[in-house]
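Asker: If you read the protein sequences in the order shown, they are chains A and B. Quick note on numbering: the first sequence equals residues 16 to 629 in my numbering. Quick note on numbering: the second sequence equals residues 16 to 629 in my numbering. The C-beta atom is built at its ideal place from N, Cα and C for all residues, glycine as well.
Protein chains: 2
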Amino acid sequence: MHVEASLVSSLKNIATRLRKESIRATTASASGHPTSCMSAADLMAALFFAEMRFDPKNPKHLEADRFIMSKGHAAPLLYAMWSEAGLIPREQLTDLRLFTSNLEGHPTPRLSFVDVATGSLGQGLSVGVGCALNARRIKSPYRTYVLMGDGETAEGSVWEAAASAHFHKLDNLCAIVDINALGQSRATEFGHDMETHRARWAAFGWHATVIDGHDMEQVLDAYKGARDTTGKPSVILARTEKGKGVSFTEGQPGWHGKAMSKEQMAKAFDELDGQVVTETGARPKIPSPPAERPEPKPREMAAPDYKMGDMVATREAYGVAIAKLGEADPRVVALDADVKNSTFSDKFEAKHPDRFYEFFIAEQVMVGAAMGLAARGAIPFPSTFAAFFTRAADFVRVAAIGGNNIKLAGSHAGVSIGEDGPSQMALEDFAMFTAQPNFVALYPCDAVSTERLIAEAAAMQGPVYIRTSRPKTPVIYDNAEKFPIGGLKVVRKSGQDTATVVGAGITLVEAIKAHDQLKAKGISIRVIDLYSVQPIDAASLIEAGNETGRLITVEDHYIAGGLGDAVARAVAPAGLTVTRLAVPEIPRSGTPEELVDKCGISARHIVDAVNART
Amino acid sequence: MHVEASLVSSLKNIATRLRKESIRATTASASGHPTSCMSAADLMAALFFAEMRFDPKNPKHLEADRFIMSKGHAAPLLYAMWSEAGLIPREQLTDLRLFTSNLEGHPTPRLSFVDVATGSLGQGLSVGVGCALNARRIKSPYRTYVLMGDGETAEGSVWEAAASAHFHKLDNLCAIVDINALGQSRATEFGHDMETHRARWAAFGWHATVIDGHDMEQVLDAYKGARDTTGKPSVILARTEKGKGVSFTEGQPGWHGKAMSKEQMAKAFDELDGQVVTETGARPKIPSPPAERPEPKPREMAAPDYKMGDMVATREAYGVAIAKLGEADPRVVALDADVKNSTFSDKFEAKHPDRFYEFFIAEQVMVGAAMGLAARGAIPFPSTFAAFFTRAADFVRVAAIGGNNIKLAGSHAGVSIGEDGPSQMALEDFAMFTAQPNFVALYPCDAVSTERLIAEAAAMQGPVYIRTSRPKTPVIYDNAEKFPIGGLKVVRKSGQDTATVVGAGITLVEAIKAHDQLKAKGISIRVIDLYSVQPIDAASLIEAGNETGRLITVEDHYIAGGLGDAVARAVAPAGLTVTRLAVPEIPRSGTPEELVDKCGISARHIVDAVNART
């Protein structure tokens with residue numbers, strides 16, 4: 016193919032500048048990964064200054080092409096690219112990794128041009144799948160590019176994303192693998208065996224092109240080839256040298272995550288300056304994206320429509336709620352991992368098939384794609400069995416770092432699922448989600464509160480986890496009742512309460528049973544529905560603790576990291592302690608009723624705890 | 016190939032019996048997955064009764080071939096196989112899923128023939144990698160077989176395992192994919208497109224054979240072909256029909272996870288009985304494995320050899336310790352995910368290269384392989400950055416269910432890693448590990464306690480997590496000091512202590528600094544090193560709380576799920592509450608000292624907390 020010589024010379028010099036800035040910044044901070052930047056500099060110069068359409072002054076532009084630096088340790092390269100594009104003043108690049116700078120060691124969304132935090136390798140392609148699906152949702156021609164290292168393709172999440180991108184025919188997605196053949200501690204698994212790389216991607220259904228990643232003509236050709244490919248995603252497999260451009264780092268082991276000394280930097284700059292070519296034309300101009308089109312305004316969602324006392328599983332109410340929410344708000348999308356008929360997300364699919372995305376049994380890409388969709392304006396509800404979100408725990412962690420606007424719904428929580436046994440029971444999900452300080456964690460006990468909380472989750476900005484249950488539970492709230500995040504409901508109360516029992520989900524039902532049994536014997540207790548586990552209404556819990564003298568929590572979760580701990584943290588400043596009823600050990604198969612009782616969280620055990628005066 | 020006709024007829028009838036028992040058991044329990052069993056019945060009849068060498072009376076036999084039912088929802092088939100082999104009385108099969116039976120909904124190691132719990136799909140092949148590596152460790156000819164469903168090959172963990180098995184040239188590993196083309200909620204991604212399946216496995220370096228999974232001759236041939244393959248693992252891609260053998264279930268959607276009614280069962284049995292063939296020979300005899308050879312006895316490990324006051328990072332002490340432990344005990348193995356030069360597991364590799372296994376950047380297979388190794392008698396120490404164990408959170412959950420004897424070591428915990436930023440910081444690792452009620456969680460503060468705790472971890476049976484730190488910390492313990500699991504150390508104490516500060520790891524160092532600063536002002540505090548976070552020495556904590564009046568915890572972890580919560584749970588029964596100093600929000604890049612201080616967990620903040628009298 017013919018590429019303008021003037022463009023090539025200009026891009027080569029940009030690549031040299033990107034290398035220099037990557038070295039300069041890491042030497043200034045005396046830490047970081049300069050050689051991981053140097054291998055990808057040519058690929059990135061071409062991508063940013065001859066391929067992508069974006070607005071350097073408005074990185075969040077809704078119609079702009081996206082770039083995800085999946086190999087997040089090449090952050091200095093990313094920052095140098097945005098500096099070269101004009102967004103970051105050059106002199107700020109040496110603030111890299113300072114506490115006072117947003118130019119962190121690995122990219123985070125504190126920076127306007129970062130959609131999702133990277134640095135935990137192998138996540139970027141899943142995020143890219145989400146960005147690409149969003150383009151389809153908003154009918155935009157924008158394209159999504161993801162730069163990976165060859166080392167990170169060992170992560171299974173990459174292959175989940177590869178399979179999903181093929182399934183969804185994402186020809187607007189282009190992955191670039193910077194195959195520098197050197198990992199952190201040794202050579203990568205396949206080194207420069209480009210054919211093995213090609214065969215793997217081709218077998219996963221991708222248009223795969225092998226190139227020399229330091230040959231600018233080949234790089235430009237490859238981007239064009241990707242752009243011209245329809246019906247499937249493209250991957251550019253670029254053979255590169257780690258530390259490219261400097262004699263003492265190029266292709267050398269022992270340089271991973273190591274900054275150059277000032278003397279080494281001077282020598283490197285001498286060499287790189289010698290590689291500057293004569294530019295034969297004007298500096299390339301970044302093409303502008305099409306004009307932004309604002310998202311349609313959401314309509315008000317109608318109130319829930321349940322009858323008090325009806326038996327409805329909260330997982331089913333979840334399906335009803337997201338289907339309804341999807342009508343009110345076109346930004347809402349649902350993602351599934353082949354359990355839609357159990358989580359009832361198939362109710363959403365039935366009404367909004369074009370905004371329902373199937374990921375088969377692959378939870379990492381489902382959550383990663385949700386992160387990408389959220390970064391581009393969608394409000395994604397990925398759902399699966401709560402237990403299987405542990406598969407995506409690292410994505411959850413990174414979503415928290417980025418404050419991504421995802422709404423994860425986990426069903427079949429706790430021993431109350433019964434016969435399937437412990438592998439299907441989430442008993443540590445709150446521990447996972449509430450550990451993240453900015454995650455909201457919700458746990459409705461009935462259909463009305465489920466629907467209300469889904470609407471609340473969609474209306475707020477930031478990551479949310481919603482836990483639902485398998486068994487049917489009675490509707491206990493009026494359709495008009497409101498459930499603000501951070502609140503709780505006092506569902507039983509008298510002036511003579513001798514203890515407060517705090518439950519949620521299926522244990523709230525048990526707590527009400529216990530209340531009734533105790534009342535029959537003349538003992539009054541307060542019952543609180545802790546539907547918002549995080550944030551938590553500390554003041555109301557303290558008030559209840561002080562008024563009734565005792566706080567007893569009961570939860571279908573292991574004892575560590577769940578409701579009991581959350582309540583204990585909330586009331587500790589008031590000097591109050593909590594008695595915890597929780598699943599004490601690894602459970603086993605059995606009927607739901609049997610397990611709830613044997614695990615010590617049934618009404619009977621609540622009654623006993625109230626009666627035990629220590 | 017010629018296969019004895021008498022063998023085939025016998026195996027066909029065994030397969031029919033396996034189908035019948037799978038139906039009978041699930042109908043008895045009115046739940047379960049009969050049709051997922053029926054698709055694999057022919058594959059399993061051939062495997063168990065014409066291929067594998069094992070002792071039906073001693074499933075744990077050290078030299079026996081291994082079978083892992085990765086598609087754990089086919090548990091009734093597994094139970095029927097062991098019943099057919101003579102281990103389980105036939106009449107017990109209908110106890111499936113009863114609380115009183117060990118025949119759970121998905122297999123767990125409560126059963127002698129189950130090495131690792133399955134049911135969370137996509138984990139079995141990683142476990143198989145570990146079993147196969149163990150055969151190499153003990154120089155045994157035993158082979159490992161893993162049955163997967165096609166649906167679960169969407170999990171990235173499967174491809175991590177596939178790449179690892181190829182890298183390690185595990186020709187003693189044979190995967191079988193039961194490609195029945197139907198997932199839970201819809202057709203699988205590739206349906207019966209056998210060529211796509213084949214291309215993917217071949218591209219990952221496997222010997223891949225496509226067969227009709229209901230043609231007994233082809234099945235037997237494929238096992239032989241796998242056995243004859245050297246230098247690489249084999250996969251048998253078997254085209255099957257879900258619900259095979261019964262007209263109204265065979266290849267029908269809508270039957271996933273659904274038991275037949277009694278009437279349907281009667282009709283199915285009629286059909287299956289009609290498929291019984293005339294047996295032309297004797298029932299096949301299961302070949303015995305070679306005699307068991309006991310593992311060599313471990314030697315006593317020498318005491319640590321550090322000098323009080325020396326500055327040593329606990330991550331480095333970890334590397335020293337496992338290398339030393341490896342000399343004393345040949346069962347000890349180490350596993351890495353391309354960070355051996357950061358975790359210092361390269362010290363083990365240097366001394367014991369044949370027991371060091373590299374998994375590149377693939378944490379799921381690393382942990383899964385550790386589970387497999389542990390199940391076969393090894394004592395595996397997989398290590399990586401603590402943050403990246405979240406990648407394997409679902410494996411951790413399942414290892415807990417199985418009580419697997421794995422020893423996970425996570426380095427670079429907390430904000431004290433500094434400049435790399437939040438993506439590399441584990442701040443929720445204790446939340447993850449301590450949520451599992453049977454996980455031990457250890458957190459040494461110096462080199463001596465690290466080495467002692469590594470030895471303790473190896474000596475006990477069950478899952479252990481050890482957290483180490485990046486910065487160098489002073490040696491504060493004498494080499495002779497002992498650190499029993501479940502204990503703590505009171506490192507500063509006087510008769511006038513006005514508060515107890517509980518720290519661990521780097522915060523223990525801060526607590527000692529605070530102690531000294533306060534002492535200079537005439538204020539005495541008690542300082543506790545909580546090196547064993549779970550189990551926890553509740554009695555000593557309560558004693559300290561009662562004696563000093565106040566308990567203050569300080570931890571390099573988010574506030575939920577860490578030391579503070581663990582101590583609070585321990586002391587709550589005594590009516591004591593805890594003041595928690597912890598990382599309050601998502602951190603950022605900075606120097607370690609800066610971050611420890613800005614996050615409120617430095618000596619200065621401890622002093623303030625002691626001085627604050629509320």
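Using only the alpha-carbon positions, how far apart do residue 25 of chain B and residue 220 of chain B sit?
Answerer: Cα-Cα distance, rounded: 35 Å.
Asker: Kindly provide the ranges of any beta strand (DSSP E) runs that are 3 or more residues long and lie completely inside the stretch 449 to 518 of chain B, ordered along the chain.
Answerer: Segments of the beta strand (DSSP E) lying fully in the stretch 449 to 518 of chain B: 455 to 457, 479 to 482, 487 to 489, 504 to 507, 515 to 518.
Asker: Keeping to the same chain, check which residues put their C-beta closer than 6 Å to that of residue 149 of chain A; ignore five residues upstream and five downstream.
Answerer: The residues are 388, 391, 393.
Asker: What residue range does the beta strand (DSSP E) around residue 189 of chain A cover?
Answerer: Where residue 189 of chain A is concerned, the enclosing beta strand (DSSP E) stretches over 188 to 194.
Asker: Please go through the same chain and pick out, in chain order, the residues whose beta-carbon is closer than 7 Å to the beta-carbon of residue 231 of chain B, but skip the five residues on each side of it.
Answerer: Answer for residue 231 of chain B: 23, 26, 27, 57, 61, listed in chain order.
Asker: What are the boundary residues of the alpha helix (DSSP H) that includes residue 532 of chain B?
Answerer: Run containing residue 532 of chain B: 521 to 535, per the alpha helix (DSSP H) assignment.
Asker: Between the stretch 342 to 354 of chain A and chain B, which residues of the former have CB atoms less than 9 Å from a CB of the latter, in chain order?
Answerer: Those would be 351, 352, 353, 354, in chain order.
Asker: Give the straight-line distance between the Cα atoms of residue 402 of chain A and residue 296 of chain A, rounded to the nearest whole angstrom.
Answerer: Looking at the two C-alpha atoms, the distance is approximately 58 Å.
Asker: May I have the straight-line CA-CA distance separating residue 155 of chain B from residue 366 of chain B, to the nearest angstrom?
Answerer: If you take the alpha carbons of residue 155 of chain B and residue 366 of chain B, they lie about 22 Å apart.
Asker: Put residue 264 of chain A into one of helix, strand or coil per three-state DSSP.
Answerer: The answer is coil: DSSP assigns residue 264 of chain A none of H, G, I, E or B.
Asker: Out of B:595, B:396, B:628, B:601, which one is the CA nearest neighbour of residue 617 of chain B?
Answerer: Per the Cα distances, B:595.
Asker: Along the beta strand (DSSP E) that carries residue 417 of chain B, what are the first and last residues, could you check?
Answerer: It is not in any beta strand (DSSP E) - residue 417 of chain B instead sits in the alpha helix (DSSP H) that spans 408 to 417.
Asker: Expressed to the nearest angstrom, what Euclidean distance is found between the alpha-carbon atoms of residue 603 of chain B and residue 472 of chain A?
Answerer: Distance between the alpha carbons of residue 603 of chain B and residue 472 of chain A: 26 Å.
Asker: Using a Cβ-Cβ distance cut-off of 9 Å, determine whether residue 629 of chain A contacts chain B.
Answerer: Note that residue 629 of chain A scores a pLDDT of 48, beneath 50, so its modelled location is shaky and nothing firm can be said.
Asker: Going by beta carbon distance, what residues of the same chain come within less than 6 Å of residue 381 of chain B, once the five residues before and after it are set aside?
Answerer: Hits under 6 Å: 350, 352, 374, 397.
Asker: Could you name the residues of the same chain whose beta carbon sits closer than 7 Å to that of residue 359 of chain A, not counting the 5 residues immediately before and after it, in chain order?
Answerer: Answer for residue 359 of chain A: 330, 331, 333, 334, listed in chain order.
Asker: Assuming contact is defined by CB atoms lying nearer than 9 Å, are residue 363 of chain A and residue 338 of chain A in contact in what I supplied?
Answerer: Yes, the pair counts as a contact, with Cβ atoms nearer than the cut-off.
Asker: In terms of alpha-carbon separation, which member of B:153, B:159, B:133 lies closest to residue 167 of chain B?
Answerer: Ranking the options by Cα distance to residue 167 of chain B, first place goes to B:133.
Asker: Taking Cβ positions only, does residue 250 of chain B come closer than 9 Å to chain A?
Answerer: No, no contact with chain A.
Asker: For residue 163 of chain A, does the count of other Cβ atoms within 10 angstroms reach 16, so buried, or fall short, so exposed?
Answerer: Result: buried.
Asker: Within its chain, find whatever has a CB closer than 6 Å to the CB of residue 409 of chain B; leave out the 5 residues flanking it on each side and keep chain order.
Answerer: Only 135 meet the Cβ criterion.
Asker: Would you please state the rounded distance, in angstroms, between the beta carbons of residue 632 of chain A and residue 69 of chain A? I believe it to be under 8 Å.
Answerer: The requested residue 632 of chain A does not occur in the structure, where chain A is confined to residues 16 to 629.
Asker: For residue 5 of chain A, which residues from the same chain have a beta carbon less than 6 Å from its beta carbon, with the 5 sequence-adjacent residues on both sides left out?
Answerer: The shown model of chain A, from 16 to 629, leaves out residue 5 of chain A, and the question about it has no answer.
Asker: Looking at chain A, which residues of the stretch 134 to 152 of chain B have a Cβ within less than 8 Å of any of its Cβ atoms?
Answerer: Listed in sequence order: 134, 135, 136, 137.
Asker: Counting only Cβ pairs nearer than 9 Å, list the residues of chain A close to residue 121 of chain B.
Answerer: Near residue 121 of chain B (Cβ distances below 9 Å), the residues of chain A are 435, 436, 437, 438, 439, 604.
Asker: Please classify residue 563 of chain A: does DSSP put it in a helix, a strand, or coil?
Answerer: Helix, per DSSP.
Asker: From residue 36 of chain B to residue 289 of chain B, what does the alpha carbon distance come to, in whole angstroms?
Answerer: If you take the alpha carbons of residue 36 of chain B and residue 289 of chain B, they lie about 16 Å apart.
Asker: Suppose the cutoff is 7 Å on Cβ atoms and the five residues either side in sequence are ignored; what does the same chain contact list for residue 303 of chain B look like?
Answerer: Contacts found: 68, 70.
Asker: Measuring CB to CB, does residue 104 of chain A end up less than 9 Å from residue 47 of chain A?
Answerer: No, Cβ-Cβ distance for residue 104 of chain A and residue 47 of chain A is not below 9 Å.
Asker: Residue 451 of chain A CB to nearest chain B CB: under 9 Å?
Answerer: At least one chain B Cβ lies under 9 Å of residue 451 of chain A.
Asker: Could you please give the first and the last residue of the uninterrupted alpha helix (DSSP H) stretch that includes residue 632 of chain A?
Answerer: Because chain A spans 16 through 629 in this model, residue 632 of chain A falls outside it and cannot be assessed.
Asker: Roughly how many whole angstroms lie between the Cα atoms of residue 243 of chain B and residue 187 of chain B?
Answerer: Cα to Cα, the separation comes out at about 10 Å.
Asker: Touch check for the stretch 606 to 613 of chain A and the stretch 497 to 511 of chain A: three-plus C-beta pairs under 8 Å?
Answerer: The stretch 606 to 613 of chain A, when compared against the stretch 497 to 511 of chain A, does not touch it at the 8 Å Cβ threshold.
Asker: For residue 413 of chain B, which residues in chain A fall below 8 Å Cβ to Cβ?
Answerer: Near residue 413 of chain B (Cβ distances below 8 Å), the residues of chain A are 438.
Asker: Could you check how far apart the C-beta atoms of residue 377 of chain A and residue 179 of chain A are, in whole angstroms? I think they sit under 8 Å.
Answerer: About 7 Å separates the two Cβ atoms, so the contact holds.
Asker: Suppose contacts are defined by Cβ-Cβ distances below 9 Å. Is residue 520 of chain A in contact with residue 551 of chain A by that definition?
Answerer: For residue 520 of chain A and residue 551 of chain A, no; Cβs fall outside 9 Å.
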